[in-house]
Structures are given as structure tokens and as C-alpha cells.
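A.B. asks: A single structure is presented below for examination.
Residue numbers (this note's numbering), protein chains in the order written: chain B, 67 to 381; chain G, 184 to 475.
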């Protein structure tokens with residue numbers, strides 16, 4: 067090695083260079099910018115996040131349109147209690163259900179791959195060679211199921227339902243019927259409010275520990291992430307049953323999946339009108355211990371995932 | 184000034200000692216080759232320097248503890264692991280956007296300039312590029328980062344010789360200057376011999392030889408000796424002797440050149456030959472990825 071003064075301390079400040087880029091205002095990107103680009107990269111890599119809901123919505127709309135043309139809606143109007151508005155209401159609720167299930171499936175698949183794929187394709191070495199911390203990366207990835215997916219799902223669902231209303235109207239008009247009753251009895255806005263509330267509270271916030279768990283296993287498992295994610299759950303269920311002959315863990319899981327106090331506005335039966343959320347619903351949700359216990363558990367899972375990513379390289 | 188300073192660097196995996204008390208110092212403006220057989224500890228040392236893995240002992244990189252401050256460190260350090268780390272789904276334009284978005288010292292115009300010299304199309308995905316083009320892309324990204332330390336771990340693995348040559352030419356002509364420092368590990372020692380300013384042999388977790396290239400030329404000499412003069416040459420205690428086409432080639436350390444001239448043409452040996460001599464028949468095998 068070339069010798070130099072061994073007592074000289076390295077100067078941590080950047081040295082201006084003749085051929086380097088022009089001096090930058092600061093040598094640090096803002097955290098918001100790092101998160102923004104981390105999210106962009108997730109969307110580049112995982113286009114299924116929005117492509118799958120779009121395809122599901124398109125298939126749903128096609129089927130609905132064909133059904134609306136085939137089934138003479140106004141046929142029911144005269145004698146039966148099922149009016150076109152009631153039929154449409156049922157279909158709109160069915161659309162909500164389908165899109166919510168799509169969201170859950172997409173979210174789980176995303177979480178299972180979130181910290182596993184980058185290790186498998188060795189690209190983790192590229193991401194780690196750039197000044198983005200493990201914490202930023204994991205939080206950006208967690209934001210996909212917790213924030214981005216519910217919003218994407220809601221937007222696609224709202225658009226789908228609006229198109230359904232227009233399609234139903236067009237079919238009715240085409241048959242010489244009137245849309246007055248349909249439009250007066252169908253209220254999309256309260257339905258959308260209920261839906262957005264339900265998606266954000268139950269499927270995003272209340273389910274946070276579920277996504278956190280899948281991400282943790284994604285950061286840990288070398289292969290078969292889904293099986294590794296299920297194994298401890300099944301093991302606890304079996305051990306609890308055999309050792310204590312109880313099912314507390316199963317009840318806990320079920321109550322988590324049911325959504326806790328926030329689940330109230332969502333009607334248990336498809337033909338009940340959608341109940342709009344009230345501030346009281348929101349308040350009781352926000353102060354429910356279940357929500358905060360869930361956050362705490364999710365935080366522990368994500369912290370463990372950050373730590374694992376720190377130590378791990380490609381597999 | 185020291186860019187990398189380590190003393191007593193140790194790393195143990197289970198019962199395997201990967202780094203056994205390594206002391207090293209790399210000064211600014213040097214190009215250091217880290218040379219050793221598979222499993223010698225090269226990648227372990229590199230991972231410690233980059234803050235990718237924890238270690239025992241003292242280590243400062245650009246004045247920072249790399250494990251404690253790995254993401255701050257990555258603002259001043261650029262790193263190419265090997266050619267296979269650009270994900271297949273990434274588009275060339277996305278790679279540029281992303282690095283520009285997260286790296287404060289990335290000069291996009293410079294990267295675009297490098298890419299313009301290649302046949303890489305901006306809208307291509309990595310999966311559509313050849314292995315050589317992926318390396319060119321990665322090199323373009325990294326050379327546009329105004330980093331003070333560039334670490335290359337087997338950067339040309341699996342590339343044909345033409346790309347390997349271009350890779351190091353680009354690095355020297357378009358990137359390197361006296362304010363930058365490069366650390367490189369490779370199996371193809373001969374190819375980077377004239378690129379390096381220093382090299383270091385690492386074997387079983389220890390550094391067995393550290394030498395600058397200026398010293399190297401003065402220190403080592405190689406002579407292919409006429410058979411009748413072999414006994415006289417051997418009397419000068421060569422470091423190593425090997426047979427080539429029935430002639431003996433003797434490697435000397437710190438021998439008098441004038442004296443050696445009597446035996447035949449005196450050459451500067453290859454680093455690989457010195458490696459064999461120093462480590463006694465354990466050459467850096469030109470093999471694909473081994474235990475890492």
C-alpha cells in the first residue's frame with residue numbers, strides 16, 4: 067500500500083471533483099423521495115398489483131353486461147318484489163365482495179414475494195448497493211398492502227360500480243323502460259363511503275398483522291414461503307387443541323379476520339342496504355384494543371423483517 | 184488518506200474461520216486487487232467493507248463503521264457484485280430513473296452518455312439484454328455515481344474476453360482518477376495485472392502478501408534458464424521453479440537483475456505465477472462461482 071501519514075484521519079466529507087457532477091445541494095435524498103422511488107420500483111416489479119384487479123373488474127363487467135342484456139330487468143318490476151334497483155343493488159354488492167377478495171389474494175401474494183423475490187433473483191445486491199435503508203425498503207413494501215392496494219381496489223371498484231349503473235340504465239332505456247326508479251333507489255355515494263371505510267379499516271389496518279406476518283416469513287424463508295407462513299399457525303392450532311383442548315388461537319384468528327368493531331357497517335347479508343359508516347363507528351374502531359394490539363404485532367413482525375433483510379444476501 | 188482501514192478483522196461462520204485477523208489499509212487513488220482461491224475470504228472481506236455483513240475487529244471505510252452506517256456509506260461507495268444482480272424485469276429507463284431518484288451523487292447525463300456508446304435500447308428490459316450488455320448497463324449506472332470507493336466483486340464473471348477487456352478499459356479511461364479508489368476481486372488475475380496499482384493475496388482468511396505494482400516489478404523476476412546453467416541459477420535460491428516446454432522457468436524474489444541476465448531473458452512474472460509460488464501450488468483457479 068502506498069504509505070501516507072498514518073495519523074491522518076479520513077475525511078468523511080465528500081470531496082469536490084473536477085470531473086464529477088455539479089455540486090448537489092445536499093448529499094441526502096429526502097425520506098419522502100426514497101419512499102416514493104421505492105414504491106415506484108414495487109409497482110414496476112409487481113404490475114399484478116393493479117393489473118389483476120383491473121382484469122377481475124373487466125371480467126365482472128363483461129359478465130354483468132351480458133347478464134343484464136339476457137335477463138329482462140323490467141320483467142321483474144311489475145309483479146315481483148325484485149325491482150331492477152334491487153337487482154342492481156345485489157350486483158353492486160357482489161362487485162364489492164369480488165373486488166375485496168381480489169384485494170386480499172393480491173395482497174397476500176405480494177407479501178409472500180415482497181422480501182423473497184429480491185433475494186432469489188439476487189437483485190438485493192443491487193438495492194443494497196444504493197443508499198436506501200432496509201427500514202425504508204420494508205416500510206415502502208408494507209405500504210403496498212396497507213395503503214396502495216386498498217386505494218387501488220376502491221378506485222377500480224367505484225369505477226366498476228358506476229359503469230354497472232350506466233349499463234343497467236342503458237339496458238332499461240333500450241327496452242323502453244324508465245330509469246327514474248333505478249337512479250332514485252341506487253345511491254352509489256353512501257355505498258362508496260362504506261366501502262372505502264371498510265377497505266381501509268378492516269382490510270388494511272385491522273389485517274396489518276396478517277400482512278406483517280407474511281412479509282416476515284418472506285424475509286426469512288429460503289423457499290416455499292407460503293407453507294412456512296402456514297406451518298406455525300397450523301402447529302399452534304394443533305398443539306393448543308391437543309395440550310389444552312382449547313381453541314383460543316383459532317378464535318383470535320377468526321375475530322381478526324372478521325374485522326373487529328370496524329366490521330359493523332358492512333352488512334352481513336347481501337340484500338341489506340349498505341350502511342354508511344358513522345363517526346361513532348370510526349371512534350369505536352380507533353379506540354378498540356384489537357386495532358392497537360394488531361399494530362404492535364405488525365410492528366414487531368416488520369422490525370424483525372428489517373433486521374433479517376439486514377443480515378441476508380441472495381439465496 | 185486511508186479509504187479502508189482494518190485491523191484484526193475477523194469473521195467466523197460456525198466453526199469456519201472466514202477472516203482470521205486481517206489488517207489492511209487502502210489509500211485514496213489506489214486500485215487494489217484482492218486475489219485468492221475460492222473460499223479464501225475475499226467475499227467475506229468485501230461484505231464487511233460494504234456493511235453487508237457484521238464482523239469482529241476494527242474496520243473504518245471512509246471514516247465510517249460500515250455495519251453501523253451502511254446506508255449512509257452507500258452514498259459514497261458504489262458496488263458491483265456480479266453481472267447477475269440487475270433484476271430481469273427492470274427496464275433500462277427505469278434503472279436510470281430509480282438510481283437518479285435515490286442516489287444524490289448520480290449524474291444521469293453521464294450514464295446516458297455511456298449507454299449511448301452501446302447498443303442498449305432505453306426501453307429494453309434486462310431480460311432482453313445479453314450478459315455483456317447487462318454488464319455495460321450496470322457499469323454505466325455505477326460509473327455515473329460520483330463515488331469515492333468502488334468495489335467490484337467478480338464483476339466480469341461469465342463474460343467473454345472481449346467484454347472483460349472493454350469493462351476494464353472503460354473503468355480506467357472513463358472513471359478512474361486519483362481521487363477515487365477501486366477494490367476488485369477476480370479469478371482472471373492476468374487480465375487485470377496492468378490495471379492494478381496494488382494487490383493482496385488472501386488465503387484461508389489471512390493476508391499472505393501485500394504488494395504495490397511498482398514494488399512488484401522490482402521485487403520479482405522470472406527467467407527461463409538454459410539447461411546447462413540450471414544448477415548455477417538454482418544456487419541463487421529461486422522462489423519457485425516450473426517446467427514449460429522442457430525448459431525450466433525460475434522465479435526469483437529480490438534477486439540482482441544483472442546477475443539473472445546471464446541465465447536468459449529476465450521478465451516480470453505474472454501475478455498468478457507469484458501467487459502459485461507464494462502459496463505453493465494453490466493457484467486462483469479460473470473456475471465458475473465457488474463457495475461464497
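Here a beta-carbon is modelled for each residue, glycine too, at the ideal position from N, C-alpha and C.
Any residues in the region 255-288 of chain B with a beta carbon nearer than 8 angstroms to a beta carbon of chain G? Which ones, in chain order?
C.D. replies: none
A.B. asks: Should the region 147-161 of chain B be regarded as contacting the region 198-205 of chain B, the criterion being three or more beta carbon pairs within less than 8 angstroms?
C.D. replies: no
A.B. asks: Is it right to say residue 293 of chain G is buried, meaning 16 or more other beta carbons lie within 10 angstroms of its own, or is it exposed?
C.D. replies: Taking the second chain and counting its residues from 1, one reaches residue 293 of chain G at position 110. With 16 or more other Cβ atoms within 10 Å, it is buried.
A.B. asks: Determine contact between the region 346-361 of chain G and the region 201-209 of chain G, defined as no fewer than three beta-carbon pairs at a distance below 8 angstroms.
C.D. replies: no
A.B. asks: If residue 285 of chain B and residue 188 of chain B are in contact, beta carbons under 8 angstroms, what's the gap, nearest whole angstrom?
C.D. replies: Along the first chain, one-based indexing puts residue 285 of chain B at 219. Along the first chain, one-based indexing puts residue 188 of chain B at 122. So it is not a contact: roughly 16 angstroms between Cβ atoms.
A.B. asks: What residues from the region 186-213 of chain B come within 7 angstroms of chain G, judged by C-beta to C-beta, listed N to C?
C.D. replies: Close to chain G, meaning a Cβ-Cβ distance shorter than 7 angstroms, are the following residues of the region 186-213 of chain B: 187, 188, 189, 191, 192, 194, 195, 196, 197, 198, 199.
A.B. asks: Would DSSP call residue 194 of chain G helix, strand or coil?
C.D. replies: Taking the first residue of the second chain as position 1, residue 194 of chain G is located at position 11. Residue 194 of chain G falls in the strand class under three-state DSSP.
A.B. asks: According to DSSP, residue 188 of chain G sits in a beta bridge with which residue or residues?
C.D. replies: Here residue 188 of chain G is taken as the residue at index 5 of the second chain, counted from 1. The partner list for residue 188 of chain G (beta bridge, DSSP) reads G:208, G:243.
A.B. asks: Does chain B have any CB closer than 8 angstroms to the CB of residue 457 of chain G?
C.D. replies: For the purposes of this step, residue 457 of chain G is taken as residue 274 along the second chain, with counting starting at 1. Closer than 8 angstroms: no.
A.B. asks: Whose CA, out of B:288, B:268, B:230, B:237, lies closest to the CA of residue 253 of chain B?
C.D. replies: As a position in the first chain, residue 253 of chain B is number 187, starting the count at 1. Cα-wise, what sits closest to residue 253 of chain B is B:230.
A.B. asks: Who are the neighbours of residue 179 of chain B on chain G, taking C-beta pairs under 7 angstroms?
C.D. replies: Position 113 of the first chain, counting from 1, holds the residue named residue 179 of chain B. Against residue 179 of chain B, chain G offers no close residue; the least beta-carbon distance is about 12 angstroms (beta-carbon pairs closer than 7 angstroms).
A.B. asks: Would DSSP call residue 383 of chain G helix, strand or coil?
C.D. replies: What you label residue 383 of chain G is simply residue 200 of the second chain in a count that begins at 1. Residue 383 of chain G carries a strand assignment under DSSP once its states are collapsed to helix, strand and coil.
A.B. asks: Near residue 230 of chain G, what residues of its chain come up, given a Cβ to Cβ distance below 7 angstroms and the 5 sequence neighbours on each side ignored?
C.D. replies: On the second chain, position 47 is the one that residue 230 of chain G refers to. Residues 236 of the same chain have their beta carbon placed closer than 7 angstroms to that of residue 230 of chain G, with the five preceding and five following residues left out of the count.
A.B. asks: Just how far apart, CA to CA, sit residue 303 of chain B and residue 322 of chain B?
C.D. replies: Position 237 of the first chain, counted from the start, is the residue given in the question as residue 303 of chain B. Position 256 of the first chain, counted from the start, is the residue given in the question as residue 322 of chain B. Cα-Cα distance, rounded: 15 angstroms.
A.B. asks: DSSP three-state label for residue 365 of chain G, please.
C.D. replies: Position 182 of the second chain holds residue 365 of chain G. In this structure, residue 365 of chain G counts as strand in the three-state DSSP scheme.
A.B. asks: For the alpha helix (DSSP H) holding residue 111 of chain B, just list the boundary residues, first then last.
C.D. replies: Residue 111 of chain B sits at position 45 when you count from the first residue of the first chain. From DSSP, the alpha helix (DSSP H) with residue 111 of chain B extends over 97-111.
A.B. asks: The alpha helix (DSSP H) spanning residue 210 of chain B covers which residue range?
C.D. replies: As a first step, residue 210 of chain B is located in the first chain; it is residue number 144 there, counting from the start. Neither: residue 210 of chain B is in no alpha helix (DSSP H) and is coded neither H nor E.
A.B. asks: Between residue 223 of chain G and residue 381 of chain B, what straight-line distance do the alpha-carbon atoms span, to the nearest angstrom?
C.D. replies: Start at 1 with the first residue of the second chain, and residue 223 of chain G comes out as number 40. Start at 1 with the first residue of the first chain, and residue 381 of chain B comes out as number 315. Spanning the two alpha carbons is a distance of roughly 20 angstroms.
A.B. asks: Would you decide whether residue 72 of chain B is buried or exposed? Buried here means 16 or more other CB atoms lie within 10 Å of its CB.
C.D. replies: On the first chain, position 6 is the one that residue 72 of chain B refers to. Any reading at residue 72 of chain B needs caution, since the residue's pLDDT is 41, under 50, leaving its predicted position unreliable; the model's value is listed next. Burial call: exposed.
A.B. asks: From which residue to which residue does the beta strand (DSSP E) around residue 373 of chain G run?
C.D. replies: On the second chain, residue 373 of chain G is found 190 positions in, with the first residue counted as 1. Where residue 373 of chain G is concerned, there is no enclosing beta strand (DSSP E), although the alpha helix (DSSP H) it sits in stretches over 372-375.
A.B. asks: Can you find the residues in the same chain that come closer than 8 angstroms, C-beta to C-beta, to residue 191 of chain G, ignoring five residues on each side of it along the sequence?
C.D. replies: The residue given as residue 191 of chain G occupies position 8 in the second chain. Correct list, in chain order: 204, 205, 206, 239, 240, 241.
A.B. asks: Given a cut-off of 8 angstroms on the beta-carbon distance, is the pair residue 216 of chain B and residue 265 of chain B in contact?
C.D. replies: As a first step, residue 216 of chain B must be located in the first chain, where it is residue number 150. As a first step, residue 265 of chain B must be located in the first chain, where it is residue number 199. Yes, Cβ-Cβ distance for residue 216 of chain B and residue 265 of chain B is below 8 angstroms.
A.B. asks: Kindly confirm or deny that the region 379-393 of chain G and the region 452-461 of chain G touch, where touching means at least three C-beta pairs closer than 8 angstroms.
C.D. replies: yes
A.B. asks: Considering only C-alpha positions, which residue in the set B:261, B:367, B:368, B:270 is nearest to residue 344 of chain B?
C.D. replies: As a position in the first chain, residue 344 of chain B is number 278, starting the count at 1. Closest by alpha carbon: B:261.
A.B. asks: Looking at the structure shown, is residue 278 of chain G part of a helix, part of a strand, or coil, going by DSSP?
C.D. replies: Along the second chain, read from residue 1 onward, the residue named residue 278 of chain G stands at position 95. Residue 278 of chain G falls in the helix class under three-state DSSP.
A.B. asks: Report the three-state DSSP secondary structure of residue 406 of chain G (helix, strand or coil).
C.D. replies: Working through the second chain from its first residue, we reach residue 406 of chain G at position 223. Of the three classes helix, strand and coil, the one that applies to residue 406 of chain G here is strand, per DSSP.
A.B. asks: Does the CB of residue 372 of chain G have a neighbour CB from chain B at under 8 angstroms?
C.D. replies: Working through the second chain from its first residue, we reach residue 372 of chain G at position 189. Chain B, which has no Cβ nearer than 8 angstroms to the Cβ of residue 372 of chain G, makes this no.
A.B. asks: Determine which residues share a DSSP beta bridge with residue 260 of chain G and list them.
C.D. replies: Along the second chain, read from residue 1 onward, the residue named residue 260 of chain G stands at position 77. G:332.
A.B. asks: How would you list, in chain order, the residues of chain G whose beta-carbon sits under 7 angstroms from the beta-carbon of residue 105 of chain B?
C.D. replies: One-based indexing of the first chain puts residue 105 of chain B at position 39. Going along chain G, no residue has its Cβ under 7 angstroms from residue 105 of chain B, so there is no contact; the nearest lies around 11 angstroms.
A.B. asks: Within 10 angstroms of its Cβ, does residue 81 of chain B collect 16 or more other Cβ (buried), or is it exposed?
C.D. replies: If you number the first chain from 1, residue 81 of chain B lands on position 15. Only weak support exists for where residue 81 of chain B lies, its pLDDT of 42 falling under 50; the coordinates are left without a value.
A.B. asks: In this structure, how does DSSP classify residue 198 of chain B when only helix, strand and coil are distinguished?
C.D. replies: Translated into the one-based positions of the first chain, residue 198 of chain B becomes position 132. In the structure shown, residue 198 of chain B sits in coil (DSSP, three-state: anything other than H, G, I, E or B).
A.B. asks: Does the Cβ of residue 335 of chain B have 16 or more other Cβ atoms within 10 Å, making it buried, or fewer, making it exposed?
C.D. replies: Position 269 of the first chain, counted from the start, is the residue given in the question as residue 335 of chain B. For residue 335 of chain B, the pLDDT reaches just 49, beneath the cut-off of 50, and the residue's location in the model is therefore unreliable, leaving the point undetermined.
A.B. asks: With residue 373 of chain B as the anchor, note down where its alpha helix (DSSP H) starts and where it stops.
C.D. replies: Residue numbering aside, residue 373 of chain B sits at position 307 when the first chain is read from its first letter. Run containing residue 373 of chain B: 355-377, per the alpha helix (DSSP H) assignment.
A.B. asks: Would you kindly check if the distance between the Cβ of residue 268 of chain G and the Cβ of residue 330 of chain G is under 8 angstroms?
C.D. replies: Taking the second chain and counting its residues from 1, one reaches residue 330 of chain G at position 147. Taking the second chain and counting its residues from 1, one reaches residue 268 of chain G at position 85. No; because the gap between Cβ atoms is not below 8 angstroms, this pair is not in contact.
A.B. asks: Tell me residue 177 of chain B's beta-bridge partners as DSSP assigns them.
C.D. replies: The residue given as residue 177 of chain B occupies position 111 in the first chain. Bridge partners of residue 177 of chain B: none, in fact.
A.B. asks: Which chain G residues are close to residue 379 of chain B, counting only those with a beta carbon under 7 angstroms from its beta carbon?
C.D. replies: The residue given as residue 379 of chain B occupies position 313 in the first chain. Residues of chain G passing the Cβ test: 235.
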